[in-house]
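Pasting the structure below:
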């Protein structure tokens, strides 16, 4: 293909893709300052409308997520410190445990994994 053909294809592609397609809804970088301010106010109103118990529950969830992220780094460091033989043994243990599960449990496990990785 010639350069002219490629330029024509590129121009057509650019016109066919909607302008907002690459921007996620609610993406703060794609919002105007007024939209960001309105979004901030809305979140503040939602927070203010929560009861004390709901606020405490949300704080606890945030803290749990924060700790989970810290633990992830510790687990990786632990894994990296293992020898190749120890890593292989752990992988085999996990594989045996998975293979001993019922089909329903395997499907539930796979779904949970997929949701976790999103």
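Numbering (our numbering), first residue to last: 9 to 126. For glycine and all other residues, C-beta sits at the position ideal for the given N, C-alpha and C. These numbers come from a predicted model, not from an experiment.
query	result
Starting from residue 37, trace the alpha helix (DSSP H) in both directions and tell me its first and last residue.	Element bounds for residue 37: n/a, residue is neither H nor E.
Using three-state DSSP, classify residue 59 as helix, strand or coil.	coil
Does DSSP classify residue 90 as helix, strand or coil?	coil
Which class does residue 10 belong to by DSSP, given the choice of helix, strand or coil?	coil
Helix, strand or coil for residue 110? Go by DSSP, reduced to three states.	coil
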